[in-house]
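Below: one structure, written as structure tokens.
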Amino acid sequence: MKKLLLGNEAVARGLYEAGCRVVSSYPGTPSTEITEYAAEYKEIYAEWAPNEKVAAEVAIGAAIAGARSFCGMKHVGLNVAADPLYTASYTGINGGMVIAVADDPGMHSSQNEQDSRHHAIAAKLPMLEPSDSQECRDFALLAYTLSEQYDTPVIIRLSTRVSHSRSLVQTGERVDVPVKEYKKDPGKYVMMPAMAIKRHAVVEQRMKALTEWAESNAQINRVMGNENAKIGIITSGVSYQYAKEALGENACYLKLDMINPLPVKKIREFAARFETVYVVEELDGIIEAHCKANGVNVIGKELFGNLGELSQRIVAEKILGKINETEQFGEDLPGRPPVLCPGCPHRGIFYVLKKLKLTVSGDIGCYTLGALPPLGALDACVCMGASVSMLHGMNKARGDEFAAGAVAVIGDSTFIHSGVTGLIDIAYNRGVSTVLILDNSITGMTGHQQNPTTGYDIHGDPTAAVNLEALCKACGIPRVRVVDPAQLSETEKAVKEELAAKEPSVIIVRRPCALLKSVKHAPPLHADKEACTGCKACMRIGCPAISIKDKKAVIDPAQCVGCGVCVQMCKFGAIKRGDAQ
Amino acid sequence: MKKELNVIIVGVGGQGTLLASRLLGNALISSGYDIKVSEVHGMSQRGGSVVTYVRAGKEVASPIIERGGADIMLAFEPLEAARWLSYLKKGGRIIVNTGKIDPMPVITGASEYPEGIIEKLAGKNIDLTVTDALSLAKEAGSVKAVNVVLMGILATGTDIPLEVWEQSVNETVPERFLELNLKAFRMGYEQ
Chain A
4 MKKLLLGNEA VARGLYEAGC RVVSSYPGTP STEITEYAAE YKEIYAEWAP
54 NEKVAAEVAI GAAIAGARSF CGMKHVGLNV AADPLYTASY TGINGGMVIA
104 VADDPGMHSS QNEQDSRHHA IAAKLPMLEP SDSQECRDFA LLAYTLSEQY
154 DTPVIIRLST RVSHSRSLVQ TGERVDVPVK EYKKDPGKYV MMPAMAIKRH
204 AVVEQRMKAL TEWAESNAQI NRVMGNENAK IGIITSGVSY QYAKEALGEN
254 ACYLKLDMIN PLPVKKIREF AARFETVYVV EELDGIIEAH CKANGVNVIG
304 KELFGNLGEL SQRIVAEKIL GKINETEQFG EDLPGRPPVL CPGCPHRGIF
354 YVLKKLKLTV SGDIGCYTLG ALPPLGALDA CVCMGASVSM LHGMNKARGD
404 EFAAGAVAVI GDSTFIHSGV TGLIDIAYNR GVSTVLILDN SITGMTGHQQ
454 NPTTGYDIHG DPTAAVNLEA LCKACGIPRV RVVDPAQLSE TEKAVKEELA
504 AKEPSVIIVR RPCALLKSVK HAPPLHADKE ACTGCKACMR IGCPAISIKD
554 KKAVIDPAQC VGCGVCVQMC KFGAIKRGDA Q
Chain B
4 MKKELNVIIV GVGGQGTLLA SRLLGNALIS SGYDIKVSEV HGMSQRGGSV
54 VTYVRAGKEV ASPIIERGGA DIMLAFEPLE AARWLSYLKK GGRIIVNTGK
104 IDPMPVITGA SEYPEGIIEK LAGKNIDLTV TDALSLAKEA GSVKAVNVVL
154 MGILATGTDI PLEVWEQSVN ETVPERFLEL NLKAFRMGYE Q
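From first to last, the protein sequence lines are chains A and B.
Numbering of the first sequence is given in my numbering, commencing with residue 4 and proceeding in unit increments.
Numbering of the second sequence is given in my numbering, commencing with residue 4 and proceeding in unit increments.
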């Protein structure tokens, strides 16, 4: 019987069936669930690594040692993992190795919209692109076959709509693939110039062989739809589904299942059969450029552009000129941006930072939401770990006076990912920066994954925990202290003192995420109508549980978790514990 | 059995729209449809505007629903109903829960929550059902069952039999909340 699986769940199913033994990943939307589902199979060793580079290296090591291995990441994670991956392309593998990378066109949950296909081309690695959950499972199996047949890591490229859509999947049984024999082979695995020069030639040969396979294999790069249509569509991934939905039998499709290397003959032969040929692809015009470079006349980005997601509507509008008429509400509506949850430990610290009018170098996580009104505390946010090193750069550029009014904020998981190296830079190069580690005891935004600071592994079993205080001291930071962000005046005092110090310092701002099951909430608070003067001071912390009705503060008991930050905002003692009368 | 059914579920992150889409998906599979469900994970789940698409047919290609493509809209919150209205087909069915949730721009006073959304919706070319799902959920035993109450109301307009829906509730919710959710579903269904 077919099962309704999330794309990511189907990738995990494919890994399981293919006999994968070792999985190491760092969470990142929209890729996270692959590893969470893989961890549910007892035959697979699965772990959260501190970052994507480590994860990729674990998978490379496992593959060289003879096991089928996997690592998964979001598009920007592939940048972190790029270093080992580009050279693993040279070493090749022993047991099969598969990498899944999930792009986020439309940036539902990301800081950029990069197209990971560029990495496959640059690293000279084969890349498969599924268009639904069935193909997620099937291509995971195919990827291991290709990996071992051509001695190469294989990338599976996903996108948000494939990763986070559910569709029906025909599953199979697991094949038990034994760990292959490991033989010392420095010519293949020790990449120093003499060996790497030889291996580069092997990589180029491999790409030629893979191109041949892409040209001749009937299983992939399939022609589907109406062969007598006037329109030919060259496409891949979820864009194929949009084109099929919009055009149906009005077109014939060349669906490119393998997007690196791309076939040439197959594309030429397909294109020659149609009056007009369109390339339908999201983000960059990679297939289009390939077609044009090989003398195939196609229409692509001039019609579709390279911003955001495509959809069946866009394809129908651009190719058929068809526009759907719909009901409109016909009014400007207030937006609904994401917010820090009621009881979020980040609320208190961002209130303090804003109150002190500090420059705040930000980072990637739930706390990036501290950039939004009314807290509006962040000045910059670029990538994982950048808050710490960017603050150091700002302070070196503008001097100590500026440094006395600037901090970095970074989460516990992000600090371990790549913030700690920035902190070492600060200590080593005589910086005076003040770094705030917002330790909420979990990796929050991606949906509560454990990390090396929490003391639990991917299965929730107890394990060694990084001691952040000791780690910061060991990096050479002389001043390390801990505060509870729910205590506003104490937190403010700590920030002021550390900024005044002419030495680098770390404040560990520690309070667990309010959504953790282990966190016990206090009873909801209420605002006393008599005592409330309607001054709106409590609104400055941007808590979604507090609103103003008839010029008085009202606290929604269904949302309030009793954290008490608002109590400290009220000069009139109007916010009280216990039920409203 | 209808040829195809496209349902858009809109609300605020944390309201339980994902569970509702799974419940609907399971019922549609049991009825013999091919289906695709597209969800939102990550940042918008933190109290932002969220949308889930559920598509059923003989063979579904795209996982998303576009403007003018939904046969039914299930709106967990009035402002979200207004925001996503253009996704509904003309004459399409819309079920709106009356419970308002102020978005942050309203909380901070930067904008006002629009007045009279329900009245304005009633003037559109749509088949409107308005419901106070929170009261029904409370009656069923938990404020958290709003999503299942709303699914019960949605179920009445489909040709899927009640047994199939109840089996789907059974497959979707944790066992210890089964009785509560079945009660909530029935309360919606009998509205």
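Every residue gets a Cβ at the ideal spot worked out from N, C-alpha and C, and that includes glycine.
List the DSSP bridge partners of L77/B.
As a working note, residue 77/B is residue 74 in the second sequence. Bridge partners of L77/B: I12/B, I98/B.
What distance in whole Å lies between the Cβ atoms of I544/A and C569/A, which are believed to be in contact at a cut-off of 8 Å?
Position 566 of the first sequence, counted from the first residue, corresponds to residue 569/A. Position 541 of the first sequence, counted from the first residue, corresponds to residue 544/A. Between I544/A and C569/A the Cβ distance is about 6 Å, and since that is below 8 Å, they are a contact.
Between P196/A, G388/A, S162/A, A517/A, which lies nearest to E116/A when the distance is taken from Cα to Cα?
The residue given as residue 116/A occupies position 113 in the first sequence. That would be S162/A, whose Cα lies nearest to the Cα of E116/A.
Check whether the Cβ atoms of I156/B and A136/B lie closer than 9 Å to each other.
Numbered from 1 along the second sequence, position 153 holds the residue referred to as residue 156/B. Numbered from 1 along the second sequence, position 133 holds the residue referred to as residue 136/B. A contact, by the Cβ cut-off of 9 Å.
Relative to the C-alpha of E248/A, which candidate in L22/B, G35/B, A59/B has its C-alpha closest?
By 1-based counting over the first sequence, the position of residue 248/A is 245. For E248/A, the nearest C-alpha among the options comes from A59/B.
When the cut-off is 9 Å and only beta carbons count, does K93/B lie next to chain A?
As a working mapping, residue 93/B is identified with position 90 in the second sequence. Chain A, which has a Cβ nearer than 9 Å to the Cβ of K93/B, makes this yes.
On a Cα-Cα basis, can you pick out the residue from R49/B, V15/B, S89/B, T159/B that is closest to F332/A?
Against the first sequence, residue 332/A aligns to sequence position 329. For F332/A, the nearest C-alpha among the options comes from S89/B.
Please state the DSSP three-state secondary structure of R177/A.
Residue 177/A sits at position 174 when you count from the first residue of the first sequence. Assigned with DSSP and collapsed to three states, R177/A falls in coil, not helix or strand.
Compute the distance between the beta-carbons of G69/A and Y256/A, then report whether it is under 9 Å.
What you label residue 69/A is simply residue 66 of the first sequence in a count that begins at 1. What you label residue 256/A is simply residue 253 of the first sequence in a count that begins at 1. No, these two residues do not count as a Cβ contact at 9 Å.
How far does the beta strand (DSSP E) with N263/A in it extend, from its first residue to its last?
Walking along the first sequence from the start, residue 263/A turns up at place 260. Note, N263/A: beta strand (DSSP E), 261-263.
State yes or no: is the beta carbon of I12/B nearer than 9 Å to at least one beta carbon in chain A?
Start at 1 with the first residue of the second sequence, and residue 12/B comes out as number 9. So, not an interface residue.
Quick one: grab the DSSP three-state call for G396/A.
Looking up residue 396/A in the first sequence gives position 393. Looking at G396/A - three-state DSSP - the assignment turns out to be helix.
Show which residues of chain B have a CB atom less than 7 Å away from the CB atom of R316/A.
Numbered from 1 along the first sequence, position 313 holds the residue referred to as residue 316/A. Identification of chain B residues near R316/A by a Cβ-Cβ cut-off of 7 Å yields E69, R70, ordered along the chain.
Would you decide whether P345/A is buried or exposed? Buried here means 16 or more other CB atoms lie within 10 Å of its CB.
Start at 1 with the first residue of the first sequence, and residue 345/A comes out as number 342. When all chains shown are included, P345/A counts as buried.
If we define contact as Cβ-Cβ less than 9 Å, is E193/B a contact residue for chain A?
For the purposes of this step, residue 193/B is identified with residue 190 of the second sequence, where counting begins at 1. For E193/B, the answer is no, since every Cβ of chain A falls outside 9 Å of its Cβ.
Give me the residue from V226/A, P156/A, G64/A, G95/A with the minimum Cα distance to A103/A.
Counting from one through the first sequence, the residue named residue 103/A turns up at place 100. The shortest Cα separation from A103/A among V226/A, P156/A, G64/A, G95/A belongs to P156/A.
Using the DSSP secondary-structure output, state which residues sit across from V182/A in a beta bridge.
As a working mapping, residue 182/A is identified with position 179 in the first sequence. Note: V182/A sits in no beta bridge, so no partner.
Give every residue of the same chain whose Cβ lies closer than 8 Å to the Cβ of V299/A, excluding the five residues on either side of it in the sequence, and list them in chain order.
Taking the first sequence and counting its residues from 1, the one referred to as residue 299/A is at position 296. Closer than 8 Å at Cβ, skipping near neighbours: I270, R271, A274, V280.
Could you check how far apart the C-beta atoms of C74/A and A62/A are, in whole angstroms? I think they sit under 8 Å.
Working through the first sequence from its first residue, we reach residue 74/A at position 71. Working through the first sequence from its first residue, we reach residue 62/A at position 59. That pair is a contact at about 4 Å.
Using only alpha-carbon positions, find the residue among M190/B, S171/B, A187/B that is nearest to N29/B.
Position 26 of the second sequence, counting from 1, holds the residue named residue 29/B. With distances taken between CA atoms, N29/B lies nearest to S171/B out of M190/B, S171/B, A187/B.
Which partner residues does P465/A have in the DSSP bridge list?
Counting from one through the first sequence, the residue named residue 465/A turns up at place 462. Note: P465/A sits in a beta bridge opposite Y459/A.
Going by Cα to Cα distance, which pick from R482/A, P465/A, L394/A is closest to E472/A?
Indexing the first sequence from 1 puts residue 472/A at position 469. Selected option, being the one with the closest Cα: R482/A.
Please compile the residues from chain A whose C-beta is within a distance smaller than 9 Å of the C-beta of V43/B.
Position 40 of the second sequence, counted from the first residue, corresponds to residue 43/B. Correct list: H111, S112, T163, H167.
Leaving out five residues before and five after N9/B in sequence, what residues of the same chain have Cβ atoms less than 7 Å from its Cβ?
What you label residue 9/B is simply residue 6 of the second sequence in a count that begins at 1. Annotation for N9/B: R58, I68, G72, A73, D74 place their beta carbon closer than 7 Å to its own, counting only its chain and skipping 5 residues before and after.
I need the DSSP call for I234/A, collapsed to helix, strand or coil.
Reading the first sequence from its first residue, position 231 is the one you call residue 234/A. In this structure, I234/A counts as strand in the three-state DSSP scheme.
Which residues mark the beginning and the end of the beta strand (DSSP E) in which C2/A is found?
Examination of residue 2/A is not possible in this model, given that chain A is present from 4 through 584 alone.
If you count every other CB in all the chains shown that lies within 10 Å of the CB of S521/A, and 16 or more means buried, which is it?
Taking the first residue of the first sequence as 1, we reach residue 521/A at position 518. Exposed, by the Cβ-count rule.
Residues in its own chain within less than 7 Å of T175/B by CB, not counting five upstream and five downstream?
For this step, residue 175/B is matched to residue 172 along the second sequence. Taken in chain order, the residues that qualify are L22, R25, L26, N29.
Are any of the Cβ atoms in chain B nearer than 9 Å to that of V241/A?
One-based indexing of the first sequence puts residue 241/A at position 238. Yes, V241/A counts as interfacial toward chain B.
My understanding is that G414/A touches G368/A, with C-beta atoms under 8 Å, so please give their C-beta distance in whole angstroms.
Position 411 of the first sequence, counting from 1, holds the residue named residue 414/A. Position 365 of the first sequence, counting from 1, holds the residue named residue 368/A. Contact flag correct, Cβ pair sits at about 4 Å.
Have a look at V385/A and L394/A and give me their C-alpha separation to the nearest angstrom.
One-based indexing of the first sequence puts residue 385/A at position 382. One-based indexing of the first sequence puts residue 394/A at position 391. Using only the alpha carbons, I get a separation of about 12 Å.
Verify the CB distance criterion: does M154/B have a CB-CB separation below 9 Å to chain A?
Here residue 154/B refers to the residue found at position 151 when the second sequence is read from its first residue. So no, M154/B is outside the interface.
Would you say V101/A and C23/A are within 9 Å of each other, going by their C-beta atoms?
Your numbering for residue 101/A matches position 98 in the first sequence. Your numbering for residue 23/A matches position 20 in the first sequence. Contact check for V101/A against C23/A passes: the beta carbons are separated by less than 9 Å.
Over what stretch of residues does the alpha helix (DSSP H) that includes I120/B continue unbroken?
Locating residue 120/B in the second sequence gives position 117, where the first residue counts as 1. Where I120/B is concerned, the enclosing alpha helix (DSSP H) stretches over 120-125.
List, in chain order, every chain B residue whose beta-carbon is nearer than 9 Å to that of K247/A.
For this step, residue 247/A is matched to residue 244 along the first sequence. Neighbours of K247/A on chain B, chain order: A64, S65.
Which value, in whole angstroms, describes the spacing of the CA atoms of A561/A and S239/A?
Against the first sequence, residue 561/A aligns to sequence position 558. Against the first sequence, residue 239/A aligns to sequence position 236. A561/A and S239/A: Cα-Cα distance of roughly 46 Å.
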